[in-house]
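Novice: In the UniProt record's numbering, the protein residues as written are 1 to 80.
1) Helix, strand or coil for residue 8? Go by DSSP, reduced to three states.
2) Is it right to say residue 14 is buried, meaning 16 or more other beta carbons lie within 10 angstroms of its own, or is it exposed?
3) Could you please give me the residues that DSSP links to residue 43 through a beta bridge?
4) So the candidates are 3, 39 and 79; which of them puts its Cα closest to the Cα of residue 53?
5) Given a cut-off of 8 Å, decide if residue 66 and residue 21 are closer than it, judged by their beta-carbon atoms.
Encoded structure:
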């Protein structure tokens, strides 16, 4: 699994996760720990994600969803 190497990549992964949820591509039950972790994520005063509010379940979920999206893109390129 590709993990982010810097803050910019990490924020990108979190925004990809948020976009997937908003578009209905990814669903999560409210009873899962990850759902509770997602609810705790906050932005700082400069509109950047406050990493102190991102727990390990959200990090893993963001990385997983981003890697799945990348795999789908790569697969569709191969099929063309």
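Glycine residues also receive a C-beta, built at the ideal position from the N, C-alpha and C atoms.
Being a predicted model, the structure only gives us computed values, none of them experimental.
Specialist: On the basis of the coordinates in this document:
1) Here residue 8 sits in helix by DSSP.
2) Under this definition residue 14 is a buried residue.
3) Paired residue(s): 49.
4) Out of 3, 39 and 79, 39 has the C-alpha closest to the C-alpha of residue 53.
5) Cβ atoms of residue 21 and residue 66: not closer than 8 Å.
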